[in-house]
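Worksheet for the structure shown next.
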Amino acid sequence: MRTLLVTGAAGFIGSNFVRMLLDRGEQVKLVAFDKLTYAGNLANLSDLLKRHPDKLVFVRGDICDAKAVEAVWDQQGVTEVVHFAAESHVDRSILGSGPFVQANAVGTQVLLDVAKAKGVEKFLYVSTDEVYGTLPEDRPEIKFTEETPLQPNSPYSASKAAGDCLVRSYFHTFHLPVLTTRCSNNYGPYHFPEKLIPLFVTNLMEGKKVPLYGDGKNIRDWLYVEDHCDAIWTVLNRGRFGEVYNVGGNNEITNLVITETLIREMGRKWDDCVTYVKDRPGHDRRYAIDASKIENELGWSPKYRFEEAIKTTIQWYRDNESWWRAIKSGEYLKYYESQYGGR
Ligand code: NAD
Ligand code: TYD
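Sequential numbering of the sequence shown, starting at 20, is according to the numbering used here.
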């Protein structure tokens, strides 16, 4: 039986990945390993833990703690790693880069060392398109390819690039069976409401304003989270070791257009809702992915269209108000405090 150590499985994409594999009935055992930082939320997994006690276990732990990783590896019989765990919010990395270097660079190194010592069968690192830096907005023909040089501009992307380079080095130096995916911005259910789409959707539901950075003309290549999870599963099963695969939605949209779409869907008016705020320092202008490698080599392409998937996403936040209200009120952190006593 394949046993996947899924780090960061209580976060946005990790929990969607676990959910997708269990819903599809894939023949794998999943070990959700997560430190439960402010961004990790057991509520993202609780129904799955009840429904699939034989296929999913949750272990609270820190990827920077080699002993904890070794223990879960031995106890659960881990064979493969899918590594999502990270500090993931650019704005927080600007306020303080220490936790980002620790989790994203040191954490990845610790995980690689344990994986090497234990003889891992596959190690997939979930990287980001942000490692490539930024693209000019007036040259739409230029996109990130896997050969684009790494030029990270934020402490977040720099720490992800550090992890990315370490993964590469363990392939070349130690022949570790690694795979790397570099994905564009995701959206969908269970997205922590500090990121653009869930923050704006929930603010609009609360009757609050939405803070648009700078002129709002920054461009991201939006991808529905299930398409990303499907790409990761495809690369894990059929990707070539040592290779990088870009994953994108072929769906470049400015923040202005995202904001207009959300306001329209929520039945609100622009002038009542939008506040232009000071721009993010070092704000990357444009991200766009050339995903032809994964499409041609592995036959993956995105299935969801933004126009429909954004409606599904908004509806999910309408149907799961208690989920995001608990986060915004900090209730779930109080629960961890009582459950785990601050550990
Ligand atoms: P998230 O912030 O929602 O979740 C991160 C999870 O990692 C949380 O559950 C957190 O508790 C856990 N974690 C953090 N530090 C840890 C540690 N030291 N040990 C164990 N667990 C720890 O992030 P996300 O949006 O789900 O992103 C997942 C991965 O995908 C990240 O590596 C991110 O860089 C990458 N990625 C995200 C996007 C996106 O649009 N969200 C796009 C491309 C790549
Ligand atoms: P974000 O969701 O933080 O993802 P990333 O910075 O990793 O791409 O932000 C997406 C875009 O939205 C980015 O251009 C910054 C912008 N943004 C705002 O304008 N206002 C906000 O409150 C946030 C969180 C983001």
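We put the beta carbon where it would ideally sit given N, CA and C, even for glycine.
8 Å Cβ cutoff met for residue i and residue j
| i | j | result |
| --- | --- | --- |
| LEU23 | VAL47 | yes |
| ALA29 | TRP342 | no |
| THR278 | GLY235 | yes |
| ASN123 | GLU99 | no |
| TYR264 | TRP241 | no |
| SER173 | VAL109 | yes |
| VAL266 | ILE313 | yes |
| ILE346 | ARG305 | no |
| ALA58 | ILE82 | no |
| ILE161 | LEU223 | no |
| ARG38 | LEU67 | yes |
| SER203 | GLY268 | yes |
| PRO196 | GLU140 | yes |
| VAL296 | TYR232 | yes |
| PHE163 | ASP338 | no |
| VAL150 | ILE251 | no |
| PHE190 | GLY261 | yes |
| ASN315 | PRO208 | no |
| TRP319 | THR253 | yes |
| ARG201 | THR153 | no |
Residue nearest to residue i in terms of C-alpha spacing, selected from the options
| i | options | result |
| --- | --- | --- |
| HIS194 | LEU169, LEU131, LYS228 | LEU131 |
| ALA134 | GLU213, LEU185, CYS292, LYS288 | LEU185 |
| SER112 | LYS74, LYS312, SER178 | SER178 |
| GLY182 | GLU156, VAL139, GLU316, VAL125 | VAL125 |
| LEU49 | ASN315, LYS322, VAL76, PHE119 | VAL76 |
| ASP157 | SER320, GLU284, LEU317, ALA307 | ALA307 |
| GLU225 | LEU317, GLY117, TYR336, SER65 | TYR336 |
| LEU255 | ILE216, ASN270, LEU317 | LEU317 |
| ILE216 | ALA136, GLU165, THR280 | THR280 |
| GLY117 | LEU231, PHE219, TYR175 | TYR175 |
| VAL78 | VAL120, ASN35, THR26 | THR26 |
| ALA87 | VAL129, ASN339, GLY233 | VAL129 |
| PRO230 | SER348, ASN274, GLY80, ARG70 | ASN274 |
| PHE119 | LEU143, ARG70, ALA180 | ALA180 |
| LEU352 | LYS228, LEU64, ARG43, ASN60 | ASN60 |
| ARG299 | ARG21, HIS71, LEU114, ASP84 | LEU114 |
| GLU284 | THR253, ASP303, ARG259, ILE333 | ILE333 |
| PRO155 | THR331, GLU340, ASP303, PRO321 | ASP303 |
| MET20 | PRO321, LEU41, ASP42, LYS74 | LYS74 |
| GLU89 | THR127, GLY349, LEU169, ALA136 | ALA136 |
| SER188 | TYR144, LYS227, PRO171 | TYR144 |
Per-residue DSSP class, three states only, for residue i
| i | result |
| --- | --- |
| ARG337 | helix |
| ILE161 | coil |
| ASN270 | coil |
| SER146 | strand |
| LYS214 | coil |
| ALA307 | coil |
| ASP240 | strand |
| PHE193 | helix |
| PHE31 | helix |
| LYS48 | strand |
| TYR57 | coil |
| VAL101 | strand |
| VAL78 | strand |
| TYR175 | helix |
| TYR206 | strand |
| SER188 | helix |
| LEU169 | coil |
| ASP73 | coil |
| PRO321 | coil |
| PHE260 | coil |
| PRO118 | helix |
| CYS83 | coil |
| HIS247 | helix |
| LEU154 | coil |
| GLU106 | coil |
| MET285 | coil |
Residues sharing a beta bridge with residue i, DSSP
| i | result |
| --- | --- |
| THR278 | For THR278, which the question treats as bridged, DSSP gives no partner whatsoever. |
| PRO230 | THR294 |
| ILE1 | The structure shown does not extend to residue 1, since the chain spans only 20 to 362, so no value can be given for it. |
| ARG201 | SER146, ASN265 |
| THR8 | Past the edges of the chain, shown from 20 to 362, lies residue 8, and the structure says nothing about it. |
| LYS141 | GLU99 |
heavy atom of the ligand SAM below 7 Å from residue i C-beta
| i | result |
| --- | --- |
| GLU356 | In terms of ligand content, the structure shown lacks the ligand SAM and carries the ligand NAD and the ligand TYD instead. |
Beta carbon proximity, residue i to chain D, threshold 8 Å
| i | result |
| --- | --- |
| PHE260 | Included in the structure is just one protein chain, with no chain D present. |
- Message: With three or more C-beta pairs closer than 8 Å as the rule, is the segment 207-215 touching the segment 290-301?
- Response: no
- Task: Determine, using beta-carbon pairs with one atom in the segment 53-60 and one in the segment 29-41, whether at least three such pairs fall under 8 Å.
- Result: yes
- Decide yes or no for the touch test of the segment 244-253 against the segment 74-94: beta carbon pairs closer than 8 Å, at least 3 of them. no
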